[in-house]
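Trainee:
Number of protein chains: 2
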Amino acid sequence: MVGKVYLIGAGPGDPELLTLKAVRALGEADVVLVDDLVGREVLRFARRARVIEVGKRGGCKSTPQQFIERLMARCARRGRVVARLKGGDPFVFGRGGEEMLALRAAGIDYEVVPGVTAGLGIAAAMDVPVTHRELAHGVTFVSGHLRNGTEPDWRTLALTGTTLVVYMGFARVRHIAAELLAGGMPPCTPAAAVSSGTLPGERRVVTRLARLADDVARAGITSPALLVIGGVVSLARGTAAGLTRRDAA
Amino acid sequence: MVGKVYLIGAGPGDPELLTLKAVRALGEADVVLVDDLVGREVLRFARRARVIEVGKRGGCKSTPQQFIERLMARCARRGRVVARLKGGDPFVFGRGGEEMLALRAAGIDYEVVPGVTAGLGIAAAMDVPVTHRELAHGVTFVSGHLRNGTEPDWRTLALTGTTLVVYMGFARVRHIAAELLAGGMPPCTPAAAVSSGTLPGERRVVTRLARLADDVARAGITSPALLVIGGVVSLARGTAAGLTRRDAA
């Protein structure tokens, strides 16, 4: 008997944001490999599985990527159904693509179960529509932390007319804001930072781009956090700081 | 008794990509207002609801947006639980933000239930990781069809280093490809068009940016379809046309 690997997006945090397909795959699983950022409540759907934590966080001791890829393949070759559970969507950052390619190269059967990416889950929890016909032509999800010390071209991103959602950019928020301003993004552009989005411990600050770095520090937001930048942020429910609709237009 | 409106994302097509929260909200609903692009299978979760079709498609007779917003508010004021079901994620195009603002202005209680946006669902079904550390710093979801005849700044979008996913761009694929090329995107950039993504009738073509418009016409792809443009498209499962990993790097 040959096994299989499900690459599963667990959504942004709230266990109710798992898909039916993710729940089914967890129910079939013999083994679950789970990242740090996935809430433990979702493991109740993996009734008969052995759970292995393979988290890695910036700065902390972590499980090497190659080890994870080999472990998935080994379990599947032994006939096991493996659920590889990742936060958000498996293909939005988090190296799900690399894991898929490793499985493909190893000839292991796999299936990708998409999920609600953190940027959309958190925007929904804040009542921020990431697109809006008058305020944003689209939305860009970008990583603030790239390989080899390179980084996104913030000055170009400042000109796209899309809402920017920055993953893993919290530690560099001052630099990112400065680059966006240098690229021509107005200092009064509404901007937010959110940690533990969609969860009971959610913390957020809603402010302006020019003050984002200072206000994030003051508000005690901690990593991991998402940054959301663009006119639509003015629509956040209960937004203070004088961010009215008129300001954003 | 006061009612409530759930603004629900139904995901990209496959009913299994509904979230648990969407299923719960449908189960609570007295009334479901459903768009054209939502598969009818998901209505089985709305066991006791009256279903009202409020679809609108480009070119066809459609339900005016204001009528939908008033109907939601009226039902909620009568104490009904309303499920407003939209394809994909309610806040990625599709005017979910406008509907939320109308409810807020009317003082109606509402809750946003995020979903798997079509761009992520379809990419997962094609095995295309929309981000990849070597191939794309991020992903941009953009609408090819904007209000007032304006359009996204394709030449700037060509330079962002992100995977581009174009919603509602099918009818203008030739123009969009030409603009991206004019903006400096290489002609050999891998590109795909997908219709009925994640559903049994899915059709797709995987090619190069320079040939996208011709190949889409030849392949018989029909609207609505998504365009996915960027190096990551070379990773699609079963990709023909000589799109190897090396080409994309």
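Read top to bottom, the protein sequences are chains C and F. According to numbering that gives the first Met the number 0, the first sequence is numbered sequentially starting from 0. According to numbering that gives the first Met the number 0, the second sequence is numbered sequentially starting from 0. Ideal Cβ positions, reconstructed from N, Cα and C, are used throughout, including at glycine. Every value quoted in this text rests on a predicted model; they were computed, and no experiment measured them.
(1) Which runs of the alpha helix (DSSP H) at least 4 residues long sit entirely within the segment 63–143 of chain C? Give them in chain order.
(2) Rounded C-beta distance between I228 of chain C and A190 of chain C? I'm assuming under 8 Å.
(3) Kindly list the residues whose CB is nearer than 8 Å to the CB of G57 of chain F, restricted to its own chain and excluding five residues on each side of it in sequence; keep chain order.
(4) For the beta strand (DSSP E) containing I220 of chain C, name the first residue and the last one.
(5) Could one say the Cβ of E15 of chain C lies closer than 8 Å to chain F's Cβ atoms, at least one of them?
(6) Does the distance from the C-beta atom of V193 of chain F to that of A224 of chain F stay below 8 Å?
(7) Can you list, in chain order, the residues of its chain with a C-beta nearer than 7 Å to that of I121 of chain C? Leave out the 5 residues immediately preceding and following it.
(8) Report the residues of the segment 127–144 of chain C with a CB closer than 7 Å to any CB of chain F, ordered along the chain.
(9) Pick helix, strand or coil for L163 of chain C, following the three-state DSSP scheme.
(10) In chain C, which residues lie less than 9 Å from R146 of chain F when you measure between Cβ atoms?
(11) Are any of the Cβ atoms in chain C nearer than 8 Å to that of D34 of chain F?
(12) Is the Cβ-Cβ distance between H131 of chain C and V141 of chain F less than 8 Å?
(13) Would you please state the rounded distance, in angstroms, between the beta carbons of K3 of chain C and E110 of chain C? I believe it to be under 8 Å.
(14) When you compare only the Cα positions, how much space is there between R76 of chain F and L32 of chain F?
(15) Assign R94 of chain C to buried or exposed, taking buried as 16 or more other Cβ atoms, counted over all protein chains shown, within 10 Å of its Cβ.
(16) What does M99 of chain F reach in chain C if we use C-beta pairs closer than 7 Å?
(17) Give me the Cβ distance between L234 of chain C and V127 of chain C, rounded to the nearest whole Å; I'm assuming they're in contact under 8 Å.
(18) From E40 of chain C to L102 of chain C, what does the alpha carbon distance come to, in whole angstroms?
(19) If you drop the 5 nearest sequence neighbours on each side, which residues of the same chain put their C-beta closer than 6 Å to that of V37 of chain F?
(20) Note down, in chain order, each residue of its chain lying with its Cβ closer than 8 Å to the Cβ of L249 of chain C, except the 5 sequence neighbours on either side.
Mentor: Taking the structure as given:
(1) 64–76, 95–104 and 117–124
(2) 4 Å
(3) With a pLDDT of 47 at G57 of chain F, under the threshold of 50, the modelled position of this residue cannot be trusted, and the question is left open.
(4) Element bounds for I220 of chain C: n/a, residue is neither H nor E.
(5) yes
(6) yes
(7) P11, V193, G196, T197 and L225
(8) P128, V129, T130, H131, R132, H136, G137, V138, T139, F140, V141 and S142
(9) strand
(10) R132 and E133
(11) no
(12) no
(13) 7 Å
(14) 16 Å
(15) buried
(16) D126 and P128
(17) 6 Å
(18) 27 Å
(19) A9, L84 and G86
(20) The question about residue 249 of chain C has no answer, for chain C in this structure spans 0 to 248.
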